[in-house]
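One structure is given below, encoded as structure tokens.
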Amino acid sequence: MSTRTASGASDLRRGAAAACLIGAGLLHGFITLEYVNEKLYIGLLFGLSVPLCIGLAAYLWQHDDRRAWLLGAALSAGMIVGFLVSRTTGLPGFNESGVWAHWTEGFPALATEIGFLVAAAPVLTAPLGAAQGPGQPLRGPRIARPDRGSAAGAR
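Position one of the sequence shown corresponds to residue -19 (our numbering), numbered consecutively onward.
Following this line, the structure appears as structure tokens:
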């Protein structure tokens, strides 16, 4: 049975999002060395994405934290933009536009990145503190303020 947590995300949603991040990390990991040899900075970015994706997936699996959802969305969107720019206008010193095989090799990673964004959308568009069920809302506790009309508040 799926339970809702602080941001309203179900365990199933968090698990699916974590799986998407792991998939993106592994897919980028498989091609890191190829791109390090072709264009160093691109290979390093691929290499950096691996621990970011895997670490964020592990954290999101254990914690329903809106910041983790936001970071995952930014990471996924950044990887999508990087792919699209590299295949269209090109990145500095690197352009794979016009080669259909270079487009299709990126589709599995695009699927995982888009999958994460789909899973994250309801969480990130929900109002802050809109918890549904057990869990703590994602806002600080209310602080009692002295009554302005009382003697304690007038001092």
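All C-beta atoms, glycine included, are put in the ideal place defined by N, C-alpha and C. Given the structure is predicted, the values throughout are model-derived calculations rather than measurements.
Identity of the residue in the options nearest residue i by Cα
i        : options                      : result
Glu14    : Gly27, Thr68, Asn75, Gly5    : Gly27
Ala(-3)  : Leu7, Leu20, Ala48, Glu18    : Ala48
Leu20    : Leu71, Thr105, Val98, Ala99  : Leu71
Leu55    : Val103, Leu64, Leu108, Leu36 : Leu36
Pro107   : Glu18, Ala4, Arg46           : Arg46
Ala100   : Val65, Leu50, Leu7           : Leu50
Ala91    : Asp(-9), His8, Ser(-10)      : His8
Ser(-10) : Ser29, Cys33, Gln42          : Gln42
Gly5     : Val65, Ala38, Val16          : Ala38
Ile34    : Phe63, Gly(-5), Val98        : Gly(-5)
Val103   : Leu24, Ala89, Asp44          : Asp44
Ile2     : Leu64, Leu32, His82          : Leu32
Residue range of the alpha helix (DSSP H) that includes residue i
i      : result
Ala106 : Segment: none, Ala106 is in no alpha helix (DSSP H) and carries neither H nor E.
Contact belief for residue i with residue j at Cβ below 8 Å, rounded distance in angstroms
i     : j     : result
Gly58 : Leu40 : The Cβ separation is near 17 Å, so there is no contact.
Cys0  : Gly86 : In fact, because the Cβ distance is near 15 Å, the residues do not count as touching under 8 Å.
Ala60 : Glu18 : Here residue 60 is Ile; the residue named in the question, Ala, does not match the sequence. 20 Å between Cβ atoms; not a contact.
Thr84 : Ser77 : In fact, because the Cβ distance is near 14 Å, the residues do not count as touching under 8 Å.
Phe74 : Ile22 : 6 Å
Val30 : Leu24 : Contact doesn't hold; Cβ gap of about 11 Å is too wide.
Bridge-paired residues (DSSP) for residue i
i     : result
Ser77 : DSSP, once it has assigned bridges, lists no residue as partnering Ser77.
Exercise. Would you list, in sequence order, the uninterrupted alpha helix (DSSP H) runs of no fewer than 4 residues that lie entirely inside the segment 3 to 72?
Key: Listed in chain order, the complete alpha helix (DSSP H) runs (minimum 4 residues) inside the segment 3 to 72 are 20 to 42, 46 to 67.
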